[in-house]
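Novice: Below you will find the structure I want to go over with you.
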Amino acid sequence: MQKQSPTPEGHPAKTLTVPEAGKTYFNLERDAAYAAARRGELPTIRIGRSLRVPVIALERMLEDAGK
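Using our numbering, you'd call the opening residue of the sequence shown number 7 and step up by one each time.
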């Protein structure tokens with residue numbers, strides 16, 4: 007897995023944009039990442055008009071998939 011970009015305070019980001027999550031974890035292009043999010047294959051939360059992927063939920067989903 008690639009490292010997450012740190013926030014300005016130096017902490018790892020707790021959420022990623024849908025394209026960032028798709029690219030980082032699955033090597034997906036932008037449209038494919040949004041399609042996966044629509045199908046529920048990427049966990050998302052909505053903040054205002056933004057759709058974000060919580061890193062912990064994504065990593066938990068991946069851990070569960072390996073069982």
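For each residue, glycine too, the CB sits at the ideal point set by N, CA and C.
Spatial neighbours of Ala43 within its chain, please: CB distance less than 6 Å, with the 5 preceding and 5 following residues excluded, ordered by chain position.
Specialist: If we look at Ala43 and ignore the five residues flanking it on each side, its Cβ neighbours are Val24 and Thr50.
Novice: Roughly how many whole angstroms lie between the Cα atoms of Met67 and Gly54?
Specialist: Their backbone Cα atoms lie some 24 Å apart in a straight line.
Novice: By Cβ distance, which residues of its chain are closer than 7 Å to Gly46, with the 5 residues on each side in sequence left out?
Specialist: Counting only Cβ-Cβ distances below 7 Å, and skipping sequence neighbours, we find nothing.
Novice: Are there 16 or more other CB atoms within 10 angstroms of the CB of Gly99, so buried, or fewer, so exposed?
Specialist: Only positions 7 to 73 of the chain appear in the structure, and residue 99 is not among them; the question remains open.
Novice: Based on Cα-Cα distance, which residue from Ala38, Ala41 and Arg52 lies nearest to Thr21?
Specialist: Out of Ala38, Ala41 and Arg52, Arg52 has the C-alpha closest to the C-alpha of Thr21.
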